[in-house]
Amino acid sequence: MGPVLAGVLQLLALIAALALAYVPLGTYMARVYSSDKHWRVEKWIYTGIGANPNTEMRWPAYLRGVLAFSAVSVAFLYVLQRLQGHLPGSLGFKAIDPDQAFNTAASFVTNTNWQSYYGEQAMGHVVQTAGLAVQNFVSAAVGIAVAVALVRGFARSRTGELGNFWSDLVRGVTRILLPLSVVAAIVLVACGAIQNFSGIHEVGQFFNGHSMGGSQQWNGGAVASQEAIKEIGTNGGGYFNANSAHPFENPTPFTNLFEIFLLLVIPFALTRTFGIMVGSIKQGYAILATMATIWVGFIALMMWTEFAHHGPALQIAGGAMEGKETRFGVGASSIFAVSTTLTSTGAVDSFHSSFTGLGGGITMLGMQLGEIAPGGTGSGLYGMLVMAIIAVFIAGLMVGRTPEYLGKKIGTREIKFAACYILITPALVLIFTAAAMALPTPGHSMTNSGAHGFSEILYAYSSAANNNGSAFAGLNADTQWFNSTLGLAMVLGRFLPMVFVLALAGSLAEQKPVPATAGTLRTEKPLFTGLLVGAILIITGLTYFPALALGPLAEGLAS
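Heads up: the sequence shown begins at 101 in this note's numbering, then just goes up one per residue.
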């Protein structure tokens, strides 16, 4: 079997698995967030945190809950890292430096999971499990909660109430993320991923090309359980620096495809949850079709660039194999790279810096779209719904009619919230990239010069501001400048958009639905899907094309 055919067959198997999970998972999540009953364990949690889960919140109160919980989480994770040297199970690792502790705390609380450290050489068991793994659950649950609040904004009328943040947060963890993670962790352990709390082992006698000798230190950890929520919650990060290219995290080609499935299944299934909650499953299918069109299109482009043969070495290897795991090959690596950058996962099974120039540009563009195809857990859905509002507004301008979406008028207030949402992240990416290139010190962290070196910087801030977390694998980001500015980009890129999403949700919930007429744009039809895809690509292209032309496009056209 040729490598191209193998890649296509893996893609088809992945699509089939996602299709099988779509209806039951999407329907189940709709029931979770529509139920008025609380599990006993959930009541214990509400009592412990002093929250009343039955109190409805308007958008300012909902936002205060999001920000307060996240601020406490950042502080807790920062302190935990600074005290690591005094904690049991630290494996002898010292406390994390202040700038790196801030960067890591901001990273995991914002669902980014950017790592400027070597996991196996810096973090002990307590920080990994009680700190990082816990944030993998709750940061993902926060994203889903905000998405559900926006969906309620469309579904409700003549009320500003969007539900209860604490109830949505707890249910997301106890009823969705935790059960799925337990099942996924068992599968990963059965396939060879490690799950233990062992210490550091020294393994010797490696063949160095001439003789036997040398040694290497390996440490264990609760890897499978963290790997499961890392993918399910579209978190990223990893126990080991090699991430999902490490055999302890991703042992076989099957687990590689399984992990891709895990990082895609909730974001895709949330479109059905959306359709059920707004009372029109067809609307959910329209959003799903938009996401799937972009995702499949990007995978096709990536496979084309990475399988293109520009020399005898690539012909012998069957594609651009440098920087890719031989266990997975070009096809599976391309699917993983596109899926992880079109979601907010950031996990990698190959090094994106080693992709072809155009291939690296595709991973960058996937993040710069806003990670909405299908995007992160929750963040992908609310990002796509904001883009749908923009598309409806554009259609309204073309026909001279007040735009409507799901029976709600898109007026001046709503379009201002949507416009602010789509402007924040590009502003953060481009401003921080320009500052890093203009100042003398940040440039010293670049491994390469020219277009590829610029791509390293652009990729880092695209990853941070979009809460992705993957790296171009060539930038030394463990400096005070990058730890501080990337941490700031993560925080602003996560929570400023949430402000406008929740404000938009509150504005929509207050409206009285308007009946559909002959002139109403049918947003469940393929025509609207095409309009939405076009709006996403055009808006992103106009915003990022000059920067992409200086980096990956210049490198790809020169090769």
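The beta carbon of each residue, even a glycine, is placed where N, CA and C say it ideally should be.
Original post:
According to DSSP, which residues form a beta bridge with methionine 220?
Top reply: One detail in the question is off: residue 220 reads as glutamate in this sequence, not methionine. DSSP output for glutamate 220 lists no bridge partner at all.
Original post:
What is the rounded straight-line gap between the Cα of arginine 622 and the Cα of phenylalanine 628?
Top reply: If you take the alpha carbons of arginine 622 and phenylalanine 628, they lie about 7 Å apart.
Subject >> Check whether glycine 321 and glutamine 221 have beta carbons under 9 Å apart >> reply: The criterion of a C-beta distance shorter than 9 Å is not satisfied by glycine 321 and glutamine 221.
Original post:
Cα separation between serine 281 and glycine 483?
Top reply: Going by the C-alpha atoms only, they are around 25 Å apart.
**OP:** Enumerate, from N- to C-terminal direction, the unbroken beta strand (DSSP E) stretches of 3 or more residues contained entirely within the stretch 483-553.
**Re:** Contiguous beta strand (DSSP E) elements confined to the stretch 483-553 do not occur, taking only those with 3 or more residues.
**OP:** Can you grab the Cα-Cα spacing for the pair alanine 658 / leucine 608, in whole Å?
**Re:** The C-alpha of alanine 658 lies about 49 Å from the C-alpha of leucine 608.
Original post:
Near leucine 232, which residues of its chain fall below 6 Å by C-beta distance, leaving aside the five closest residues on each side in sequence?
Top reply: Phe208.
Original post:
To which residues of the same chain is alanine 130 closer than 6 Å at the C-beta, ignoring the five residues directly before and after it?
Top reply: Thr373, Ile376 and Met377.
Subject >> Cβ of alanine 535 within 9 Å of any chain B Cβ >> reply: Here chain B cannot be found, since the structure has a single protein chain.
Original post:
Can you name the start and end residues of the alpha helix (DSSP H) that glutamine 215 belongs to?
Top reply: No alpha helix (DSSP H) contains glutamine 215, which DSSP labels as neither H nor E.
**OP:** Give every residue of the same chain whose Cβ lies closer than 6 Å to the Cβ of leucine 506, excluding the five residues on either side of it in the sequence, and list them in chain order.
**Re:** Counting only residues of its own chain and dropping the five nearest sequence neighbours on each side, leucine 506 has a CB closer than 6 Å to the CB of Phe254 and Val378.
**OP:** Over the uninterrupted alpha helix (DSSP H) stretch that includes lysine 330, give me the two end residues.
**Re:** In the DSSP assignment, lysine 330 falls within the unbroken alpha helix (DSSP H) covering 323-332.
Subject >> Closest residue to threonine 274 among Lys516, Ser298 and Val242 (Cα-Cα distance) >> reply: Looking at the Cα atoms, Val242 is the closest of the given residues.
Subject >> Length at least 3, wholly inside the stretch 220-251: the beta strand (DSSP E) runs in chain order >> reply: List check, beta strand (DSSP E) in window: nothing returned.
Original post:
For the putative contact between asparagine 576 and asparagine 211, defined by C-beta atoms under 8 Å, what is the C-beta separation to the nearest angstrom?
Top reply: Not quite, the Cβ-Cβ distance comes to about 24 Å (not below 8 Å), so this is no contact.
Original post:
Starting from aspartate 268 and walking both ways along the alpha helix (DSSP H), at which residues does that stretch end?
Top reply: The continuous alpha helix (DSSP H) containing aspartate 268 extends over residues 265-271.
Original post:
From leucine 539 to glycine 107, what distance separates their C-alpha atoms?
Top reply: If I take the Cα positions, the gap works out to 43 Å.
Subject >> Beta-carbon proximity check, phenylalanine 354 vs histidine 346, cutoff 9 Å >> reply: Between phenylalanine 354 and histidine 346, the CB-CB gap reaches or exceeds 9 Å.
Original post:
Whole-angstrom Cβ separation of glutamate 331 and alanine 293, contact assumed at under 8 Å?
Top reply: At roughly 12 Å, the Cβ-Cβ gap does not stay under 8 Å, so glutamate 331 and alanine 293 are not in contact.
Subject >> For asparagine 152, the nearest candidate out of Phe645, Val238, Val396 and Gly263 (CA to CA) >> reply: Ranked by Cα distance from asparagine 152, the options Phe645, Val238, Val396 and Gly263 are led by Gly263.
**OP:** Look up isoleucine 76 in the DSSP assignment and say whether it is helix, strand or coil.
**Re:** Since the displayed the chain opens at 101 and closes at 659, residue 76 lies outside it and no answer follows.
Subject >> Three-state secondary structure assigned by DSSP to leucine 177 >> reply: Reduced to three states, the DSSP call for leucine 177 is helix.
Original post:
Do threonine 533 and isoleucine 557 have their C-beta atoms closer together than 9 Å?
Top reply: Their beta carbons are under 9 Å apart, which means threonine 533 touches isoleucine 557 by this criterion.
Original post:
If you draw a straight line from the C-alpha of alanine 649 to the C-alpha of glycine 574, how long is it?
Top reply: Those two C-alpha atoms are separated by around 19 Å.
**OP:** For the stretch 356-421, list the alpha helix (DSSP H) runs that are entirely contained and at least 4 residues long, ordered along the chain.
**Re:** Correct list: 381-407 and 412-417.
Original post:
Of all the options Glu261, Ala560 and Val492, which has the alpha carbon lying nearest to the alpha carbon of leucine 588?
Top reply: For the residues Glu261, Ala560 and Val492, the minimum Cα distance to leucine 588 belongs to Ala560.
Subject >> Given glutamate 624 as reference, the closest of Tyr162, Thr371 and Gly148 once Cα atoms are compared >> reply: Looking at the Cα atoms, Thr371 is the closest of the given residues.
Original post:
Buried or exposed: which applies to tyrosine 162, given that a residue is buried once 16 or more other Cβ atoms fall within 10 Å of its Cβ?
Top reply: Counting every other CB atom within 10 Å of its CB across the protein chains shown gives tyrosine 162 a total of 16 or more, marking it as buried.
Original post:
Any chance the stretch 380-395 sits against the stretch 628-638, with 3 or more Cβ pairs inside 8 Å?
Top reply: The answer is yes - the stretch 628-638 touches the stretch 380-395, with three or more Cβ pairs under 8 Å.
Original post:
To which residues does DSSP link glutamate 261 through a beta bridge?
Top reply: Residue pairing by DSSP places glutamate 261 opposite Arg158 in a beta bridge.
**OP:** Would you list the one or two residues that DSSP bridges to isoleucine 300?
**Re:** Per DSSP, Asn319.
**OP:** Please state whether DSSP places lysine 424 in a helix, a strand or coil.
**Re:** Lysine 424 carries a strand assignment under DSSP once its states are collapsed to helix, strand and coil.
Subject >> Residue range of the alpha helix (DSSP H) that includes valine 104 >> reply: That run of the alpha helix (DSSP H) goes 103-134.
**OP:** Put serine 570 into one of helix, strand or coil per three-state DSSP.
**Re:** Shown here, serine 570 sits in coil according to DSSP, grouped into three states, outside any helix or strand.
Original post:
Exposed or buried, arginine 271, counting other C-beta atoms within 10 Å across all chains shown (16 or more means buried)?
Top reply: Flag for arginine 271 reads buried.
Original post:
Are valine 174 and valine 591 close, meaning C-beta to C-beta below 9 Å?
Top reply: Yes; because the gap between Cβ atoms is below 9 Å, this pair is in contact.
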